[in-house]
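Respectively, the protein sequence lines represent chains P and G. Just so you know, we're using our numbering here: the first sequence kicks off at 583 and counts up by one. Just so you know, we're using our numbering here: the second sequence kicks off at 583 and counts up by one. We put the beta carbon where it would ideally sit given N, CA and C, even for glycine. This one's a predicted model, so the numbers in the text were calculated from it and none came from an experiment.
There are 2 protein chains.
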Amino acid sequence: MEMITSLQNAKVKRWASYQKKKDRDKDGRFLVEGEHLIEEAARAGILETVITDDPALLKDDHGVVVTPAIMHKLSMNVSSVHLIGVCRKIKEASVFGSRILILDGVQDPGNLGTLIRTAVSFSFDCVVVSKDTVDLYNDKTIRSTQGAMFHIPVMRCDLFETITALQKEGVMCIATSLEESKTMKEIPSCERMAFVLGNEGQGVHPEIQSLCDERVRIEMHGFESLNVAVAGGIIMYSYRKD
Amino acid sequence: MEMITSLQNAKVKRWASYQKKKDRDKDGRFLVEGEHLIEEAARAGILETVITDDPALLKDDHGVVVTPAIMHKLSMNVSSVHLIGVCRKIKEASVFGSRILILDGVQDPGNLGTLIRTAVSFSFDCVVVSKDTVDLYNDKTIRSTQGAMFHIPVMRCDLFETITALQKEGVMCIATSLEESKTMKEIPSCERMAFVLGNEGQGVHPEIQSLCDERVRIEMHGFESLNVAVAGGIIMYSYRKD
Numbered sequence: 583m584e585m586i587t588s589l590q591n592a593k594v595k596r597w598a599s600y601q602k603k604k605d606r607d608k609d610g611r612f613l614v615e616g617e618h619l620i621e622e623a624a625r626a627g628i629l630e631t632v633i634t635d636d637p638a639l640l641k642d643d644h645g646v647v648v649t650p651a652i653m654h655k656l657s658m659n660v661s662s663v664h665l666i667g668v669c670r671k672i673k674e675a676s677v678f679g680s681r682i683l684i685l686d687g688v689q690d691p692g693n694l695g696t697l698i699r700t701a702v703s704f705s706f707d708c709v710v711v712s713k714d715t716v717d718l719y720n721d722k723t724i725r726s727t728q729g730a731m732f733h734i735p736v737m738r739c740d741l742f743e744t745i746t747a748l749q750k751e752g753v754m755c756i757a758t759s760l761e762e763s764k765t766m767k768e769i770p771s772c773e774r775m776a777f778v779l780g781n782e783g784q785g786v787h788p789e790i791q792s793l794c795d796e797r798v799r800i801e802m803h804g805f806e807s808l809n810v811a812v813a814g815g816i817i818m819y820s821y822r823k824d
Numbered sequence: 583m584e585m586i587t588s589l590q591n592a593k594v595k596r597w598a599s600y601q602k603k604k605d606r607d608k609d610g611r612f613l614v615e616g617e618h619l620i621e622e623a624a625r626a627g628i629l630e631t632v633i634t635d636d637p638a639l640l641k642d643d644h645g646v647v648v649t650p651a652i653m654h655k656l657s658m659n660v661s662s663v664h665l666i667g668v669c670r671k672i673k674e675a676s677v678f679g680s681r682i683l684i685l686d687g688v689q690d691p692g693n694l695g696t697l698i699r700t701a702v703s704f705s706f707d708c709v710v711v712s713k714d715t716v717d718l719y720n721d722k723t724i725r726s727t728q729g730a731m732f733h734i735p736v737m738r739c740d741l742f743e744t745i746t747a748l749q750k751e752g753v754m755c756i757a758t759s760l761e762e763s764k765t766m767k768e769i770p771s772c773e774r775m776a777f778v779l780g781n782e783g784q785g786v787h788p789e790i791q792s793l794c795d796e797r798v799r800i801e802m803h804g805f806e807s808l809n810v811a812v813a814g815g816i817i818m819y820s821y822r823k824d
């Protein structure tokens, strides 16, 4: 069992650097906090190291014991955390399946995490995010997925290429849009479908909307505005596989 | 037009105190940030004062011009805000209507705000929150409602009393629950309905579940866990008024 007590230790500095996207990308590593996410990461085979300030919490000898000050430096949580896992980034798979969620520029990490969690709940096969969507390995994204990110492939792709390729394979691609759109009732469920949800302020890019086979809107009165994670939940529920 | 330049000014101190629930409750006042929320508050007739560090943004003479340092002290936002409104708390109405959302201990301000926004989108008549639900006037709640809190009555009530009273009036009260529950398909829509959603970790209190007429769950495979705002969105969409 390794012990580290210095805040200046090179490993501590490297782990702390994973709070920044740039360093996560460079090393291909990210941190998860708390027992539940560490277990999920271990099950997914990507857990490298467990860090704790309480040796009693370590399940085997392959852990690193640090001081509470080091835990505090590594944690992004307000309340104190006693287990942090260092993980290798999940390998990207290829886009596949009969229910695909596509996110075009979602900016809020909580929304991204919640959408991934919902996609798993309704048995979607994969999630595709555009290049300008918020980072999957942002601590708030990870927390909002509640571990679901380890249960579904999430790929960062060029959406034009992906949607064009899906259409060639016979996947019906549907963009959400309040204008010139059909209601969900008017678009029956079919064998293979992909749904594009957009940025919190701007929605789906007009060029992506034009590329898609259909535009759908959620029937509602009045306020005419739903949070993107709520809209995604209603759409994924409505078009879920049986 | 009043001008304030000192961070020690009594008004500045009082406004800044509204960042705490205790002081919001004492004075019956709260702050909103940004043009959109200020306009909504004005339309709702509860806007008292507009504070800005840019006199050009004031639409009439009834505003207070302050320094950027004072704006920074008053704002809860990370990025800089140039308009802050001081509002009187909204007067609580009585519980009424044919579609009522009831929240039993929701803790995350973002979830509360999103649920209120969704309730307005699907023409719900009012929202009832339990005594232990997070504060409506929390800045994150206000931001997540996107102004919807000014379009629907939100009441803080004892849920036992409220549900019992609603049932006497013939409102069908339905609690969400993963166990011993019916699917949405098994509970047809009826004239007057109230839906109870629970705390992020524990769900609806068992005693409240027992009190309700039905328990409902959202059909899903696999992960068996949805964010409460997403679950609420699916339920409100499914049982919306025509």
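Given residue i as reference, the closest of the options once Cα atoms are compared
i	options	result
G/Leu613	G/Ile790, G/Thr758 and G/Ile724	G/Ile724
P/Leu697	P/Val677, P/Glu674 and P/Ser726	P/Ser726
G/Leu640	G/Ile734, G/Ile620, G/Val753 and G/Ala626	G/Ile620
G/Arg774	G/Gly687, G/Phe678 and G/Glu743	G/Phe678
P/Asp686	P/Met737, P/Lys823 and P/Lys750	P/Met737
P/Lys823	G/Ser705, G/Glu801 and G/Glu584	G/Glu801
P/Ser691	P/Asp607, P/Ser705, P/Ile672 and P/Leu718	Before going on, a small fix: residue 691 of chain P reads as Pro here, not Ser. Measuring from the Cα of P/Pro691, the nearest candidate turns out to be P/Leu718.
G/Phe742	G/Ile790, G/Ile756 and G/Gln689	G/Ile790
G/Glu615	G/Gly667, G/Lys673 and G/Val711	G/Gly667
G/Met583	G/Gly645, G/Arg611, G/Phe732 and G/Lys722	G/Gly645
P/Ala747	P/Gly695, P/Ile682, P/Ser807 and P/Cys772	P/Ile682
P/Asp642	P/Thr649, P/Ile633 and P/Met658	P/Ile633
G/Glu796	G/Asp635, G/Gln749 and G/Leu808	G/Gln749
P/Ser588	P/Val647, P/Ser599 and P/Ile684	P/Val647
G/Asn809	G/Ser820, G/Gly785, G/His664 and G/Glu674	G/Gly785
G/Leu665	G/Glu617, G/Ala651 and G/Ile756	G/Glu617
P/Val594	P/Asn659, P/Thr758, P/Thr631 and P/Met754	P/Thr631
G/Ser763	G/Ser792, G/Glu751, G/Asp740 and G/Ser676	G/Ser792
P/Glu782	P/Ser807, P/Lys767 and P/His803	P/Ser807
G/Val573	G/Val663, G/Asn720 and G/Phe732	No answer is possible for residue 573 of chain G: the residues shown for chain G start at 583 and end at 824.
G/Thr765	G/Lys673, G/Pro650, G/Ala813 and G/Ala623	G/Ala813
P/Met658	P/Asp707, P/Gln601 and P/Lys713	P/Gln601
P/Asp605	P/Glu622, P/Gly815, P/Lys671 and P/His654	P/Lys671
G/His787	G/Pro770, G/Val660, G/Ala757 and G/Lys655	G/Ala757
G/Ser680	G/Lys713, G/Ala811 and G/Ala776	G/Ala776
G/Asp635	G/Val663, G/Ile628, G/Val711 and G/Glu761	G/Val663
Neighbour list for residue i in chain G, Cβ cutoff strictly below 8 Å
i	result
P/Thr700	Leu808, Asn809 and Val812
Reduced DSSP secondary structure (H/G/I, E/B, other) of residue i
i	result
P/Leu741	helix
P/Glu782	coil
P/Asp690	coil
G/Leu656	helix
G/Met583	coil
P/Ile734	coil
G/Met766	helix
P/Val646	strand
P/Val802	Going by the sequence as given, residue 802 of chain P is Met instead of Val. P/Met802 falls in the coil class under three-state DSSP.
G/Arg681	strand
P/Leu629	strand
G/Thr727	helix
P/Thr696	helix
G/Thr746	helix
G/Ile817	helix
G/Ile620	helix
G/Leu640	coil
P/Lys602	coil
P/Arg853	One cannot answer for residue 853 of chain P here, as it falls past the ends of chain P, which runs 583 to 824.
P/Val716	coil
G/Leu589	coil
P/Ile672	coil
Interface partners of residue i on chain G, CB under 7 Å
i	result
P/His803	Ser705
P/Thr696	Asn809 and Val812
P/Ile816	Gly815, Ile816 and Tyr819
Beta-bridge partners of residue i, as assigned by DSSP
i	result
P/Val614	P/Gly667
G/Val710	G/Ile684 and G/Met737
P/Thr758	P/Val798
G/Phe777	G/Leu683 and G/Ile756
P/Thr634	P/Val647 and P/Leu665
Closer than 8 Å between beta carbons: that is the criterion. Which residues of the stretch 661-694 of chain P meet it against chain G? Gly692
**Asked** According to a CB-to-CB cut-off of less than 9 Å, which residues of the stretch 785-800 of chain G neighbour chain P?
**Response** Taking 9 Å as the Cβ-Cβ cut-off against chain P, the residues of the stretch 785-800 of chain G that qualify are Ile800.
Practice item. Can you give me, in chain order, the residues of the stretch 718-740 of chain G that have a beta carbon less than 8 Å from any beta carbon in chain P? Key: Cβ contacts with chain P: Ser726, Gln728, Ala730 and His733.
Below 8 Å between beta carbons is the criterion; list the residues of the stretch 598-627 of chain G that meet it against any residue of chain P, in chain order.
none
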